[in-house]
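Have a look at the structure below before the remarks.
Protein chains: 2
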Amino acid sequence: MTVDGRSIRGDATRQQVLDTALVMFARQGYRATSLRDIAARSGITHPGLLYHFPTKEALLMAALERRDEVDGVEEDDGVVEFADLDGRALLEHLVAGAAKNAAKRGLVELFASLSVEATAPDHPAHAYFVARYSSLRATLVRGLEELAAAQELRQGVVPTVAAAHLIALMDGLQIQWLLDADTDMAGALAGYVNSLLTEPLKAP
Amino acid sequence: MTVDGRSIRGDATRQQVLDTALVMFARQGYRATSLRDIAARSGITHPGLLYHFPTKEALLMAALERRDEVDGVEEDDGVVEFADLDGRALLEHLVAGAAKNAAKRGLVELFASLSVEATAPDHPAHAYFVARYSSLRATLVRGLEELAAAQELRQGVVPTVAAAHLIALMDGLQIQWLLDADTDMAGALAGYVNSLLTEPLKAP
DNA sequence: GTCTATAGCTTGATAGAC
DNA sequence: GTCTATCAAGCTATAGAC
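This is the structure we're talking about:
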């Protein structure tokens, strides 16, 4: 994919660095991963890396944006935005996502460690995470309100509260799973989701 | 309190260092806090600090253990162990704890950042957190089973699953609260707890 | 017990050759 | 684009004086 003769995906080295950074930030956290580590695994030196990304923060942000780019939802008719799914599909996707994550420890570590690190207002990724949580929450509230309107939510379920619960469960279950790989993230999440619904999710 | 003529609480400097360490680890995380920082705020130099605690890891572990020592549950008849509470009191204490934490951002940050950091098997506090989660989970399962036996749990509530949910909610809600101080940790937790019970908790 | 001094290492970033 | 060389700053930890 090119624009004005320049590859907007960047060249091979840039991509290699980005993917390596994603894996290593994931495995060790942002602060504990050095530019030298990433550069070495990418087959270059750290000043070589800094040619492509002027600072470590710039590399982090580029890696997070790249991650979001790759994270489409595959439906029968192509790739759909998560935010465009209807209420039920949203919840199904959440549970399916938890199951898929259990195969990618590194990625779970990245978001678990970054979402706590980035809690500090002066962290380079703070704004990114504030926006991410706020949009996820808005999407979930919208989906739950749809379900409520269709009489598919149990009595007493409050969309805003349930949305906060869902996000908290995903984050918290990830910690438990990282501490003990026997934890059934998807099962526990499905258990909560079904406690919200009058008609349970179809088993995956 | 002395044993064999030696104060088992250590002397004043040791306590000062321990309390300072707890506050600073809490405020900035373990990896981001240096021995020099802690020492300076304690009124000594960092080699002075290392006289009392041989390594930074030893200081972390001592600070965590001190935290647990201080963390008794105050009941009408003195201090009780959390694990000794009955099912209902356990859940009430959980909600009350979330409300109390909202006044101590530093402490929430400490446990949020450490519980993720310590997810790595080679982290100094890994064993501590594995034990902490496992005992908390066991206590909650026991309490929920008590409630189930007393017909106080709603139909379909599975104690092991609900225990995992409760722990995950506490961790996850802390992240949301750290990102956005308007998040009502105690309210959201109470909402979930009441969805488990046939008879709601008395309002605090 | 606490200090000064320092060893030995790692970090993010820059300068300048090629 | 990528390198070598280097900087200034930070870190944990140790040696040895007092």
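The listed protein sequences correspond, in order, to chains A and B.
Following the numbering used here from start to finish, the first sequence increments by one per residue and tops out at 204.
Following the numbering used here from start to finish, the second sequence increments by one per residue and tops out at 1204.
Idealized CB from N, CA, C, for every residue including glycine.
Everything numeric in this text was worked out from a predicted model, so none of it was measured.
Here A/V73 carries a strand assignment [DSSP, helix/strand/coil]. When only Cα atoms are considered, B/P1124 and A/K202 end up about 43 angstroms apart.
Check the Cα spacing between A/A26 and each of B/K1100, B/L1090, B/V1116: the tightest is with B/V1116. Distance between B/Q1015 and A/D68, taken at the CA atoms: about 47 angstroms. A/V79: member of the beta strand (DSSP E) spanning 78-80, first to last residue. For A/Y133, the residues of chain B that pass the 9 angstroms Cβ criterion are I1175, Q1176, L1179, D1180, in the order they occur in the chain. Assignment of A/L85 by DSSP, reduced to helix, strand and coil, places it in the coil class. In this structure, the straight-line span from the alpha carbon of B/M1061 to that of B/A1186 is close to 28 angstroms.
Of the residues assessed, A/A138 falls on the exposed side of the cut-off, its CB having fewer than 16 other CB atoms within 10 angstroms.
The C-beta of A/G97 comes no closer than 8 angstroms to any C-beta of chain B. Any Cβ of chain B closer than 8 angstroms to the Cβ of A/T13 would place that residue at the interface, and such an atom is absent. With a cutoff of 8 angstroms on beta-carbon distance, A/L197 and A/R154 are scored as near each other. Collapsing the DSSP output to three states places B/L1201 in coil.
In terms of Cα proximity to A/R132, the closest of A/A40, A/G156, A/T55, A/L64 is A/L64.
Under the Cβ criterion of 8 angstroms, B/I1167 is counted among the residues facing chain A. The count of Cβ pairs closer than 8 angstroms, one atom from the stretch 140-153 of chain A and one from the stretch 173-187 of chain A, stays below three, leaving the stretches out of contact.
Between the alpha carbons of B/G1048 and B/A1040 lies a distance of about 10 angstroms. From the listed residues B/G1043, B/I1038, B/S1042, B/V1130, the smallest Cα separation to B/K1056 is found for B/I1038.
Around A/D171, the beta-carbon contacts reaching into chain B at under 7 angstroms are D1171, G1172, I1175. 8 angstroms or more divides the Cβ of B/Y1128 from the Cβ of B/H1165.
Annotation for A/D11: no alpha helix (DSSP H) segment contains it, and DSSP assigns it neither H nor E. Under DSSP, A/L153 forms a beta bridge with A/L197.
The beta-carbon of A/E109 is placed less than 8 angstroms from the nearest beta-carbon of chain B.
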